Amino acid sequence: MERYEPETHDGTLSLVGDGDRVEVGSLDDVVAAVGGATYTIEYDERQRKQPWLDTDDGRLDVDVRDAVTSLKHTPELVDELRDHDLSTERYGLPERTVVFADRFVDILERQGREHE
């Protein structure tokens, strides 16, 4: 499956794949929409026993700037982002930027949930 790579240019985050580019918004606005420069994922007791999870308190801090500029995304997410305008404001930020931040948080939160 084709994945869209994040790219930043002059402080603007875009998702780029196979000759296609979708602007997400400014990196600062993405960080603001996520809630800050660090996002904390919390794990329950059972999940803390996983060998790959190196945390005593069940919390894993994610550097938002690093993660949004390195995590690849699906064409489905990119299509969803196209449905939202960069000029329409939501919470004082471009709507597309907020939708991207919401989906990014969803991805992070799935890392802390048990698989059903």
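Last residue of the sequence shown: 1167 (the numbering used here), numbering continuous. Yeah, the Cβ is synthetic: ideal placement off N, Cα and C, and Gly gets one too. These figures come from a predicted structure and were not determined experimentally.
For residue i, I'd like the list of residues in its chain whose CB is within less than 7 Å of its CB, leaving aside the five on either flank, ordered along the chain.
| i | result |
| --- | --- |
| residue 1080 | 1144, 1145, 1148 |
| residue 1152 | 1081, 1084, 1085 |
| residue 1116 | 1078, 1082, 1088 |
| residue 1173 | As displayed, the chain neither begins before 1052 nor continues past 1167, which places residue 1173 out of reach and without an answer. |
Can you tell me the Cα-Cα spacing of residue i and residue j, whole angstroms?
| i | j | result |
| --- | --- | --- |
| residue 1065 | residue 1110 | 29 Å |
| residue 1078 | residue 1056 | 15 Å |
| residue 1125 | residue 1159 | 15 Å |
| residue 1155 | residue 1070 | 23 Å |
| residue 1114 | residue 1068 | 24 Å |
| residue 1087 | residue 1112 | 12 Å |
| residue 1075 | residue 1053 | 18 Å |
| residue 1062 | residue 1127 | 24 Å |
| residue 1161 | residue 1139 | 28 Å |
| residue 1129 | residue 1072 | 9 Å |
| residue 1131 | residue 1060 | 22 Å |
Per DSSP, what are the beta-bridge partners of residue i in this structure?
| i | result |
| --- | --- |
| residue 1110 | 1093 |
| residue 1055 | 1124 |
| residue 1144 | 1141 |
Counting only the same chain and skipping the five closest in sequence on each side, list residues whose C-beta sits under 8 Å from that of residue i.
| i | result |
| --- | --- |
| residue 1166 | Confidence at residue 1166 is low in this model, with a pLDDT of 45, below 50, so the placement of that residue is unreliable and no value is reported for it. |
Quick one: residues in its chain with C-beta nearer than 6 Å to the C-beta of residue i, no 5 flanking neighbours on either side, listed in chain order?
| i | result |
| --- | --- |
| residue 1157 | none |
Of all Cβ atoms in chain B, is any one closer than 8 Å to the Cβ of residue i?
| i | result |
| --- | --- |
| residue 1146 | The question asks about chain B, but that chain is absent: this structure has only one protein chain. |
Self-check item: Contact between the region 1138-1147 and the region 1116-1130 (3+ Cβ pairs under 8 Å)
Solution: no
Exercise. Could you tell me whether the region 1077-1095 touches the region 1123-1135, where touching means 3 or more Cβ pairs closer than 8 Å?
Key: no
Practice problem: Would you mind listing the beta strand (DSSP E) stretches within the region 1060-1102 that are 3+ residues and don't spill past its ends, in chain order? | Solution: 1063-1068, 1071-1077, 1089-1093
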